[in-house]
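Undergrad: First the structure, then my questions, so here it is.
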Amino acid sequence: MSDFKRNTTFSKPGSISFQIGLSLVELMIALALSVTLILGIFIVYTDSMRTTRVGESLARIQESGRIGLDIISHEVRMAGYQGCSDSYTVPIRVVAHNPPPSLTPASGEDNVYLYNSGLRGWQVTGSTQSSWDSGTDFEDLGIIEDDALPGSDVLMVQRARLLSATVRSPGMGSATGSIPIDDPDGLFGASAAFSSGSLLMIASCEFADVFRMTNNPSGANKSLEHATTANSNSSLSIAYAADEDAEIYSLASTVFFVADTGRVDDQGNNITALYRASNSFPDSATPSFQREELVEGVEAMKVQYGLRTDPSSNTINYVDASGVGATDWKDVVVIRVGLLVSAPGNVLQQDDSQSYELPGALFVASNPAAGQQEHPSDRRLRKAFVSTLDIRNRRCGEFKQLGTTGLWEWETADENSGDGDPCN
Numbered sequence: 004m005s006d007f008k009r010n011t012t013f014s015k016p017g018s019i020s021f022q023i024g025l026s027l028v029e030l031m032i033a034l035a036l037s038v039t040l041i042l043g044i045f046i047v048y049t050d051s052m053r054t055t056r057v058g059e060s061l062a063r064i065q066e067s068g069r070i071g072l073d074i075i076s077h078e079v080r081m082a083g084y085q086g087c088s089d090s091y092t093v094p095i096r097v098v099a100h101n102p103p104p105s106l107t108p109a110s111g112e113d114n115v116y117l118y119n120s121g122l123r124g125w126q127v128t129g130s131t132q133s134s135w136d137s138g139t140d141f142e143d144l145g146i147i148e149d150d151a152l153p154g155s156d157v158l159m160v161q162r163a164r165l166l167s168a169t170v171r172s173p174g175m176g177s178a179t180g181s182i183p184i185d186d187p188d189g190l191f192g193a194s195a196a197f198s199s200g201s202l203l204m205i206a207s208c209e210f211a212d213v214f215r216m217t218n219n220p221s222g223a224n225k226s227l228e229h230a231t232t233a234n235s236n237s238s239l240s241i242a243y244a245a246d247e248d249a250e251i252y253s254l255a256s257t258v259f260f261v262a263d264t265g266r267v268d269d270q271g272n273n274i275t276a277l278y279r280a281s282n283s284f285p286d287s288a289t290p291s292f293q294r295e296e297l298v299e300g301v302e303a304m305k306v307q308y309g310l311r312t313d314p315s316s317n318t319i320n321y322v323d324a325s326g327v328g329a330t331d332w333k334d335v336v337v338i339r340v341g342l343l344v345s346a347p348g349n350v351l352q353q354d355d356s357q358s359y360e361l362p363g364a365l366f367v368a369s370n371p372a373a374g375q376q377e378h379p380s381d382r383r384l385r386k387a388f389v390s391t392l393d394i395r396n397r398r399c400g401e402f403k404q405l406g407t408t409g410l411w412e413w414e415t416a417d418e419n420s421g422d423g424d425p426c427n
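In terms of our numbering, the sequence shown opens at residue 4 and continues consecutively.
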């Protein structure tokens with residue numbers, strides 16, 4: 004009885020009773036407020052994630068566009084470079100077997116001018132997919148001809164590239180003698196970057212020769228041979244001397260184009276990229292280009308070429324590659340390069356309906372009009388990048404035909420203004 008009395012409470016009639024806990028209505032209100040709060044947090048989170056993804060995609064696009072244009076501009080600005088020898092007044096004497104078509108002398112000649120082949124461009128369309136490269140250094144090479152995307156352009160730059168190896172004093176004993184060299188970086192040898200058969204150029208400020216090395220240099224006192232086993236003549240233009248600014252160069256023929264990588268992103272979108280193909284100049288009638296992917300996400304490259312048709316004027320006329328005549332590439336003094344770059348993944352809330360302007364082309368999302376091109380209508384972020392690049396090794400003035408060939412040689416500079424600038 005004592006335990007029962009101790010644990011039991013009684014309420015007197017008329018007294019107020021208290022409820023402990025929540026009623027059903029209060030519980031429903033609390034749940035509704037909680038759901039609203041959680042939904043708000045989720046919306047803020049998803050918006051933040053979307054903003055982060057857009058920011059990351061934009062940063063990636065900016066980096067890709069910058070890197071792509073930097074690589075192209077470095078090559079373009081050096082188009083036609085051949086050391087201290089002036090490419091307009093100093094022809095290159097080619098004695099090497101199997102030079103590329105762009106460096107093959109015309110019949111009856113053994114000289115070429117590098118400004119004739121320093122820069123070339125092509126437009127690739129669906130109808131010219133298998134023929135646009137006719138007569139080029141890379142004709143019938145599937146890695147360029149078949150893979151270059153229709154609607155994009157192809158750009159080739161040719162120049163000399165100075166090597167770290169130098170002519171060792173005192174230099175050559177005679178024009179047919181070997182070329183003594185100092186090779187601090189080990190560029191020459193049987194297993195080195197340049198071995199027997201490699202195409203090289205030696206040039207001073209007044210002469211230049213392209214030849215094939217016919218030995219594998221070794222030992223402390225290396226030398227380069229240029230025998231008739233891989234050359235039409237074992238005699239160079241002069242006996243190059245170390246104290247006459249003679250330098251050794253490799254030849255660089257670089258082709259830029261856009262192609263499909265064969266990969267897809269997480270949403271199944273095809274990934275394209277900017278590619279570079281470099282000619283290794285083998286001693287063979289069949290050229291050999293090594294292709295490498297440079298920048299992922301490049302969907303198109305368009306190029307316009309600035310021609311100074313009036314030597315006495317600074318007026319530049321920009322045209323597409325099809326507007327540059329076969330003998331007019333020497334007159335190109337500036338180019339405009341444009342890249343259309345996208346980032347992988349769908350980050351936009353709606354399909355991209357923007358238009359993007361590149362040199363000579365407007366890319367639209369759908370139903371392109373005449374002269375326009377179509378970009379993928381998806382939710383990827385994309386941006387256009389355009390740069391104007393001066394070609395350093397260009398002059399203004401007059402050219403004359405090289406004999407009866409289709410090539411041209413420099414005749415006179417246009418310096419009528421007297422200010423030292425031949426282009427004014």
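Where a beta carbon is used, it is the ideal one built from N, C-alpha and C, also for glycine.
Taking only the alpha-carbon atoms, compute the straight-line gap between residue 63 and residue 155 and give it to the nearest angstrom.
TA: Roughly 22 Å between the two C-alpha positions.
Undergrad: Let me confirm a value: residue 215 is counted as buried when at least 16 other C-beta atoms fall within 10 Å, else exposed. Which label applies?
TA: Answer is buried; the Cβ neighbour count reaches 16.
Undergrad: Terminal residues of the continuous alpha helix (DSSP H) containing residue 72?
TA: 27 to 79 is the extent of the alpha helix (DSSP H) around residue 72.
Undergrad: With distances taken from CA atoms, which of 102, 355, 122 is nearest residue 2?
TA: Look at the range of the chain in this structure, 4 to 427, and you will see that residue 2 is not part of it.
Undergrad: What's the call for residue 27, buried or exposed, on a 16-neighbour Cβ count within 10 Å?
TA: By the 10 Å Cβ count, residue 27 comes out exposed.
Undergrad: Starting from the Cα of residue 148, find the closest Cα among 271, 261, 326, 385 and give me that residue.
TA: Ranking 271, 261, 326, 385 by Cα distance to residue 148 puts 261 first.
Undergrad: I'd like the span of the beta strand (DSSP E) that includes residue 265, first residue to last.
TA: That run of the beta strand (DSSP E) goes 250 to 267.
Undergrad: For residue 118 and residue 305, which I take to be in contact (beta-carbon distance under 8 Å), what is that distance rounded to the nearest angstrom?
TA: Not really, about 24 Å apart at Cβ, beyond 8 Å.
Undergrad: Using three-state DSSP, classify residue 341 as helix, strand or coil.
TA: Three-state DSSP puts residue 341 in a strand.
Undergrad: For residue 60 versus residue 368, is the C-beta spacing smaller than 8 Å?
TA: No, Cβ-Cβ distance for residue 60 and residue 368 is not below 8 Å.
Undergrad: Measure the CB-CB distance between residue 67 and residue 267 and report whether it falls below 8 Å.
TA: Contact: no.
Undergrad: I'd like to know whether the C-beta atoms of residue 226 and residue 181 end up nearer to each other than 8 Å.
TA: Their beta carbons are under 8 Å apart, which means residue 226 touches residue 181 by this criterion.
Undergrad: Going by other Cβ atoms of all chains shown within 10 Å of its Cβ, with 16 needed for buried, is residue 375 buried or exposed?
TA: It counts as exposed.
Undergrad: With distances taken Cα to Cα, identify the nearest neighbour of residue 258 among 204, 296, 36.
TA: Per the Cα distances, 296.
Undergrad: Sorry if obvious, but does the Cβ on residue 351 come closer than 7 Å to a heavy atom of the ligand ATP?
TA: Of the ligands one can find in the structure shown there are none, so the ligand ATP has no counterpart to examine.
Undergrad: Relative to the alpha-carbon of residue 271, which residue among 254, 219, 379, 278 has its alpha-carbon at the smallest distance?
TA: It is 379 whose Cα lies nearest to the Cα of residue 271.
Undergrad: Could you check what DSSP says for residue 416 in three-state terms: helix, strand or coil?
TA: Any reading at residue 416 must be qualified, since the residue scores a pLDDT of 47, below 50, and its modelled position is unreliable; the value itself is stated next. Residue state, collapsed to three classes: strand.
Undergrad: Would you report the Cα separation of residue 269 and residue 275, rounded to the nearest angstrom?
TA: Each residue's alpha carbon lies about 14 Å from the other.
Undergrad: Give a yes or no on whether the C-beta atoms belonging to residue 195 and residue 204 are separated by under 8 Å.
TA: No, the Cβ-Cβ distance between residue 195 and residue 204 is not below 8 Å.
Undergrad: Per DSSP, what kind of secondary structure is residue 212 in: helix, strand or coil?
TA: The answer is strand: DSSP assigns residue 212 an E or B state.
Undergrad: Using beta-carbon positions only, say whether residue 163 and residue 254 come within less than 8 Å of one another.
TA: A contact, by the Cβ cut-off of 8 Å.
Undergrad: Are residue 342 and residue 277 touching if we call contact CB-CB under 8 Å?
TA: Yes, the Cβ-Cβ distance between residue 342 and residue 277 is below 8 Å.
Undergrad: How is the beta strand (DSSP E) around residue 179 delimited, first residue to last?
TA: Neither: residue 179 is in no beta strand (DSSP E) and is coded neither H nor E.
Undergrad: With 16 as the cutoff for other CB atoms within 10 Å, does residue 252 come out buried or exposed?
TA: So residue 252 counts as buried.
Undergrad: Using a Cβ-Cβ cut-off of 7 Å (strictly less than) and excluding sequence neighbours within five positions of residue 199, which residues of its own chain qualify?
TA: Cβ neighbours of residue 199 beyond the five flanking positions: 216, 217, 218, 219.
Undergrad: To which residues of the same chain is residue 193 closer than 8 Å at the C-beta, ignoring the five residues directly before and after it?
TA: If we look at residue 193 and ignore the five residues flanking it on each side, its Cβ neighbours are 199, 219, 221.
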